[in-house]
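Residue numbers (my numbering): 16 to 190.
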């Protein structure tokens, strides 16, 4: 949370050991430090209609790939200005877990100045390294890009047993 005061007021679940063979840090991760000091920007993920679910099938269509040829982050122009970013500039987004992705800044007033929005429909690039040569011959998609899940934050829903891939905190840096 970008509001550490709320973390203290509304703590999460106690840590769990051997939860389906995995130790899960809920409270200890949340209380370890005020993550928002180093990672002040909220991030949310979004779906692109033309790339549907995870996007793998659609990214192999040259027509649908033409609509969204590059991975990007929607960023409010006001937030972009704080980092000296212009529409179309490349930027690094860093996570508290130590991972990062390199994406294009795309100005948008659809997001507030305290957050960015990332589509989750891309793959083939990992922390700035093009991995598309690893696709089997003849299967490389027409468009590749960083996966937003690389930087979504540590989290796990105890009810659904699903990892948190929809939100988190990040730090922006001009590439």
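Cβ atoms here follow ideal geometry from the backbone N, Cα and C, with glycine treated the same way.
- Apart from the 5 residues on each side of it in sequence, residue 167 sits with its Cβ closer than 6 Å to the Cβ of 180, 183 in its chain, given in chain order.
- Following the DSSP letters along the chain, one finds residue 22 in no beta strand (DSSP E) but inside the alpha helix (DSSP H) bounded by residues 19-24.
- In the three-state scheme derived from DSSP, where H, G and I count as helix and E and B as strand, residue 57 is classed as strand.
- Residue 93 holds the alpha-carbon nearest to the alpha-carbon of residue 121 among 111, 154, 109, 93.
- As DSSP reads the structure, residue 115 sits in a beta bridge with 109.
- DSSP lists 139 as the beta-bridge partner residues of residue 160.
- Under the three-state reduction of DSSP output, residue 133 falls in the strand class.
- Shown here, residue 75 sits in a helix according to DSSP, grouped into three states.
- Cβ contact annotation for residue 54 (same chain, cutoff 6 Å, sequence separation greater than five): 111, 184, 185, 186, in chain order.
- By the Cβ-count criterion, residue 45 is buried, with 16 or more other Cβ atoms from all chains shown falling within 10 Å of its own Cβ.
- Around residue 61, the same chain offers 132, 134 as residues with beta carbons nearer than 6 Å, after the five sequence neighbours per side are excluded.
- Under DSSP, residue 188 forms a beta bridge with 107.
- Take residue 142, set aside five residues on each side of it, and the residues of its chain with a beta-carbon closer than 7 Å to its own are 114, 115, 116, 165, in chain order.
- The beta carbon of residue 99 is closer than 8 Å to those of 189 in its chain, skipping five residues each way along the sequence.
- Between the alpha carbons of residue 87 and residue 103 lies a distance of about 9 Å.
- For residue 45, the enclosing alpha helix (DSSP H) stretches over residues 42-46.
- Residue 90 and residue 146 have their C-alpha atoms spaced approximately 26 Å apart.
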